[in-house]
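Inspection log for the structure reproduced underneath, given as structure tokens.
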Amino acid sequence: MWDVIDLRSDTVTRPTAAMLAAMSTAETGDDVYGEDPTVHALEGRVAELLGHEAGLFTVSGSLANVLGVRSLVAPGQELLCEERAHVVRAELGAHAAWQGVTTRTWSDPRGHVDLDAVRRLMTPDAGPYMVSTAAVAVENTHNFAGGTVQPLAALRELRALVDPVGVRLHLDGARLWNAHVATGVALADYGRLFDTVAVCLSKGLGAPVGSVLVGSAAAMAEARVWRKRLGAGWRQAGVLAAAGLYALDHHVDRLADDHAHARLIAETVAAADPAVVDLAAVETNVVLLDVGDRAAGLVERAAAEGVLTGTVGPGLVRLITHLDVTAEDAKRAAGVLAALVRP
Ligand SMILES: Cc1ncc(COP(=O)(O)O)c(C=O)c1O
């Protein structure tokens, strides 16, 4: 009998014994009073890694995005992003519901920044009738586009494009670690191009909870106030921050294994039916299978064989490798999925 292989998301990992040990010995204090040394250590460490002044530890990536966008976009102003960006598709309208942000989007098959579209859409200081663009959000890696990496040159061009008109940039870097490991680009080289950056500790890095938002000291001080206002101040959060620090020490470089496992699955499936997977788009730990009306049946049949997957769009099955997927698991999952897609 096999163990279930859960490829629905990289959020399903459980803390390792060593991570739990680090959590159990964490020094803590009341973080609402700003007295938790482990939270301070985590916030400082992530800010430095990303080339920013200050950080704020949050319960989720969604909250880090909400607070980051809030610091850049006022109610009634607009945020531009790709149409499948998590901020616009998967946060339950949080940016509109909490803070009156409107969005317009461009579409790119890989989820990349489209500089021409930004040029066309962007209307800073639009006057008394039109919505003014305040910021652009970029997702790296791009989840619903299949874990694709944003080309650094385009991000640099985006910065140069928005700077003269005062439009700001937010990076949803939930999986920026994966982009860093896949490309070798330093985290700070990505981070410094943006005004605010949100990164997740509870996805590829395997912490049970938590994200960090980074930006200027002033922006993070304001975000701290809004985090509390939204009811998300926390007390002895050092227990959770310790998991994040442990993950930064031990779980970043190993993302290369997740990428290799995703590639193995993608190549095995492509050998069975090349039409369902775009191998060039498999850059990190996400694989999309474009199986049309077979999607629901495929998810069900794979689950019956102990391989859990999910759908992320019409006909699109998504698999994500992570810390709890071994090389053996990847091989078995690849075999199961290949047999199911074979025409
Ligand atoms: C790209 C991206 N951004 C943000 C988030 C939100 O993170 P959370 O689930 O912690 O709110 C996710 C979650 O999967 C994500 O994939």
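For the sequence shown, our numbering begins at 1464 and goes up steadily by one. A virtual CB, placed ideally from N, CA and C, is assigned to each residue, including glycine.
Taking a 10 Å sphere around the C-beta of Gly1518, we find 16 or more other C-beta atoms and assign the residue as buried. For Val1564, there is no enclosing alpha helix (DSSP H), as DSSP gives it neither H nor E. Residues Ile1468, Leu1470, Ile1728 and Val1770 of the same chain have their beta carbon placed closer than 7 Å to that of Ala1796, with the five preceding and five following residues left out of the count. Taking each of Glu1546, Asp1493 and Pro1478 in turn and checking the Cα distance to Ser1487, the smallest one comes out for Pro1478. Where Asp1753 is concerned, there is no enclosing alpha helix (DSSP H), although the beta strand (DSSP E) around it starts and stops at Val1749 to Asp1753.
Per DSSP, reduced to three states, the secondary structure at Arg1655 is coil, with no helix or strand assignment. Shown here for Gly1629: same chain residues with a beta carbon closer than 7 Å to its own, the five before and five after excluded, namely Pro1587 in chain order. The beta carbon of Ala1510 sits closer than 7 Å to those of Glu1516, Ala1517, Gly1518 and Val1677, all from its chain and outside the five residues before and after it, given in chain order. In the same chain as Leu1703, and ignoring 5 residues on each side of it, the C-beta atoms closer than 6 Å to its own belong to Val1672 and Gly1673, in chain order. If the five residues before and after Ser1570 are omitted, its C-beta is found closer than 6 Å to the C-beta atoms of Glu1546, all from its own chain and listed in chain order. With a cutoff of 8 Å on beta-carbon distance, Leu1650 and Leu1786 are scored as not near each other.
Ligand 1 approaches Ser1525 closely enough that one of its heavy atoms is under 7 Å from the residue's Cβ.
In this structure, DSSP gives Glu1541 an extended state, which the three-state scheme calls strand. Under the three-state reduction of DSSP, Thr1611 is assigned to strand. With respect to Thr1604, Asn1641 sits close: the two C-beta atoms are nearer than 8 Å. Contact between the segment 1621 to 1637 and the segment 1589 to 1607 is established, with three or more Cβ pairs separated by less than 8 Å.
Look at Arg1582 here: in three-state DSSP terms it is helix. Remark: the shortest separation between the CB of Thr1474 and any heavy atom of ligand 1 falls under 7 Å. In the three-state reduction of the DSSP assignment, Ser1679 falls in the coil class. For Thr1772, the three-state secondary structure derived from DSSP is coil.
Checking the 7 Å criterion, the Cβ of Cys1663 is within range of a heavy atom belonging to ligand 1.
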